[in-house]
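Counting from 1, position 220 in the sequence shown corresponds to residue 278 in the numbering used here; the numbering is continuous, with no gaps. Glycine is no exception: its CB is placed at the ideal position from the N, C-alpha and C atoms. Note that the coordinates shown come from a computational prediction; the quantities given were computed from them, not determined experimentally. The block underneath contains the structure these notes are about, expressed in structure tokens.
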Amino acid sequence: MSINIPSVQRAIVALPSGRDQLVKIVNDYPVPEVKPNQVLIRLTSSGVCHSDLSTLQGIWGGAIVAKVVGHEGSGYIVQHGSQVDATQYPLGTRVGVPLVSNPCRSCYACGLPDGEVYCPNSPFHGVVIDGTWKQYIAVNVSYVIPIPDEIKNSQTVGPLLCGGVTAYKALLTANKKSGQWVVITGAGGGLGTLAVQYAVALGLRVIAIDTGTVKKTLITERLGAEQFIDYMETEDVVGAVKRITGRGADAAIMLAPSEASYNQAIHYLGLQGMLVCVGLPKRGTVLQVEPATLIHTGIRVVGSLVGTRTDIIEALDFVARGKVTPAMEVRPMDDIREILEDMVAGKISGRVVINLE
59 MSINIPSVQR AIVALPSGRD QLVKIVNDYP VPEVKPNQVL IRLTSSGVCH
109 SDLSTLQGIW GGAIVAKVVG HEGSGYIVQH GSQVDATQYP LGTRVGVPLV
159 SNPCRSCYAC GLPDGEVYCP NSPFHGVVID GTWKQYIAVN VSYVIPIPDE
209 IKNSQTVGPL LCGGVTAYKA LLTANKKSGQ WVVITGAGGG LGTLAVQYAV
259 ALGLRVIAID TGTVKKTLIT ERLGAEQFID YMETEDVVGA VKRITGRGAD
309 AAIMLAPSEA SYNQAIHYLG LQGMLVCVGL PKRGTVLQVE PATLIHTGIR
359 VVGSLVGTRT DIIEALDFVA RGKVTPAMEV RPMDDIREIL EDMVAGKISG
409 RVVINLE
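Below is the structure:
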């Protein structure tokens with residue numbers, strides 16, 4: 059099987075922060091050369107994650123190192139490095155490209171349970187090294203994600219490589235049993251709609267917090283959440299959660315990156331409740347909780363960044379078995395500026411995937 063590989067490609071390139079536009083599309087971005095332990099992937103689509111927008115806006119501080127953002131790519135292998143066993147992933151094999159690029163598996167972080175996502179020697183795609191908003195990417199073969207044959211549409215994979223596995227991992231981190239109550243904030247967003255589905259698939263009882271009748275209908279009638287709290291129309295969210303559960307929630311998955319939402323959650327968790335921090339608030343956000351509250355209730359506060367390669371493969375299996383279906387909209391690459399503007403304006407429901415073909 060021979061595949062023609064061009065020397066240049068189309069790419070969405072990040073512009074320095076402070077400009078009116080965040081990105082531009084170029085037609086002459088170099089196709090990377092493949093190192094011995096890498097494969098070259100022809101990307102056919104990529105998800106657009108809210109963290110991509112935050113990176114472009116410089117919300118978390120620091121200049122963008124990568125010229126191309128994106129970390130939810132899917133496509134197929136077109137070239138093997140000289141040290142790659144071509145029989146493992148033959149040419150044409152469909153694969154995904156996630157946020158984590160190449161954990162060293164020898165440092166202190168990699169030795170921790172699930173520590174590969176914190177490896178200092180593994181730069182993130184779309185943050186430190188070029189990401190997936192382009193047509194070709196070279197990736198270490200040990201960290202590509204094989205796409206199950208049962209998933210016929212590769213475009214559905216992108217949102218799972220970050221958003222899906224982040225939601226799934228947060229629920230695993232909460233460590234709650236089937237039948238227990240979990241609150242999911244920001245439940246109507248791209249990450250939230252996935253979190254609701256994974257929670258339901260795991261047998262958890264879901265209280266979704268968001269606003270609007272459209273989101274309520276989607277979350278309760280299509281995705282399976284048991285309860286919906288509209289925070290704009292509910293004067294006492296804490297009281298509402300306690301009335302529904304009778305004792306407080308067993309866990310809260312914090313996807314909405316608002317200070318008020320985080321501080322509210324501490325008060326609606328029940329005994330030994332778990333507050334799982336996922337949504338990244340702006341710098342300076344403070345979680346206001348007295349140590350005595352944690353001591354007397356057994357409430358725990360933990361962070362959850364993103365899942366491991368194993369977690370991603372597990373998360374994809376839920377899709378392959380029909381338990382989870384990403385709510386997504388596929389749009390052309392040329393729409394990227396409009397997509398980002400819609401994200402800023404809060405007009406995006408579910409996930410957006412850009413077509414790179």
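Query                                                                                                                                            : Result
Go to MET401, then tell me how far its alpha helix (DSSP H) extends in each direction, as first and last residue.                                : 394-402
Any C-beta of chain C sitting closer than 9 Å to the C-beta of GLY261?                                                                           : Considering every chain present, this structure includes no chain C. It has just one protein chain.
Taking Cβ positions, are GLY154 and ILE203 nearer each other than 9 Å?                                                                           : yes
Would DSSP call GLN330 helix, strand or coil?                                                                                                    : strand
For GLN79, does the count of other Cβ atoms within 10 angstroms reach 16, so buried, or fall short, so exposed?                                  : exposed
Can you check DSSP and say which residues form a bridge with SER65?                                                                              : None; SER65 has no bridge partner.
Between TRP191, PHE182 and ILE209, which has its C-alpha nearest TYR201's C-alpha?                                                               : PHE182
Just verifying my parser: in three-state terms, what is the DSSP assignment at LEU80?                                                            : coil
Pick out the complete alpha helix (DSSP H) segments inside the stretch 220-292, 4 residues or longer, and give them in chain order.              : 223-232, 248-259 and 271-275
Per DSSP, SER132 forms a beta bridge with which residues?                                                                                        : SER103 and GLY154
What three-state label does DSSP hand GLN96 in the structure shown?                                                                              : strand
Hey, could you find the ends of the alpha helix (DSSP H) ARG301 is sitting in?                                                                   : 295-303
Between TYR147 and the rest of its own chain, which residues show a CB-CB distance below 6 Å, the 5 nearest in sequence each way excluded?       : ILE135
Of the residues GLU291, VAL295 and ALA310, which one's Cα is nearest the Cα of ARG468?                                                           : In the structure displayed, the chain extends from 59 to 415; residue 468 sits before or after that span and is not available.
Taking the alpha-carbon positions, what's the GLY331 to ASP308 distance?                                                                         : 5 Å
I believe ILE370 touches VAL197 by the beta-carbon criterion, under 8 Å. Please report the beta-carbon distance rounded to the nearest angstrom. : The pair is not a contact, with the Cβ atoms about 13 Å apart (cut-off 8 Å).
Apply the 10 Å Cβ neighbour rule to GLN322 and answer buried if 16 or more other Cβ atoms are within range, or exposed otherwise.                : buried
So if DSSP puts VAL127 in a beta bridge, which residue, or which two residues, is it bridged to?                                                 : DSSP, once it has assigned bridges, lists no residue as partnering VAL127.
Quick check on DSSP: helix, strand or coil for GLN57?                                                                                            : In the structure as shown, the chain starts at 59 and stops at 415, and residue 57 therefore has no counterpart that could be examined.
Could you check where the beta strand (DSSP E) with GLU372 kicks off and where it finishes?                                                      : GLU372 -> not in any beta strand (DSSP E); alpha helix (DSSP H) instead, spanning 367-378.
Using the DSSP secondary-structure output, state which residues sit across from ARG389 in a beta bridge.                                         : ILE412
Less than 8 Å between the CB atoms is what I'm expecting for THR102 and SER212, so what's the real figure, rounded?                              : 6 Å
LEU281: buried (16+ other C-beta within 10 angstroms of its C-beta) or exposed?                                                                  : buried
Would you identify the three-state DSSP class for TYR201, choosing helix, strand or coil?                                                        : helix
Output the distance between the C-alpha atoms of VAL97 and VAL410, rounded to the nearest integer angstrom.                                      : 26 Å
Under DSSP, the beta strand (DSSP E) around ALA314 begins and ends at which residues?                                                            : ALA314 -> no beta strand (DSSP E), and no H or E assigned at all.
Taking the beta strand (DSSP E) that GLY116 falls in, what are its first and last residues?                                                      : No beta strand (DSSP E) contains GLY116, which DSSP labels as neither H nor E.
According to the neighbour-count rule (16 or more other Cβ atoms, all chains shown, within 10 Å of its Cβ), is VAL402 buried or exposed?         : exposed
Can you tell me whether ASN85 is helix, strand or coil according to DSSP?                                                                        : strand
Assuming the contact rule is C-beta atoms closer than 8 Å, LEU157 and HIS129 should be a hit. Round their C-beta distance to whole Å, please.    : 4 Å
Hey, PRO94 and SER140 are a contact pair by Cβ (cut 8 Å); roughly how many whole angstroms apart?                                                : 5 Å
Give the straight-line distance between the Cα atoms of THR251 and ARG301, rounded to the nearest whole angstrom.                                : 24 Å
Following a CB-centred definition, is PRO64 positioned closer than 8 Å to any heavy atom of the ligand SAM?                                      : The ligand SAM is not part of the structure shown, which contains no ligands of any sort.
Quick one: using the 10 Å Cβ neighbour count with 16 as the cut-off for buried, is THR351 buried or exposed?                                     : exposed
Under the assumption that ALA245 contacts VAL254 (Cβ atoms under 8 Å), give the Cβ distance between them as a whole number of angstroms.         : 6 Å
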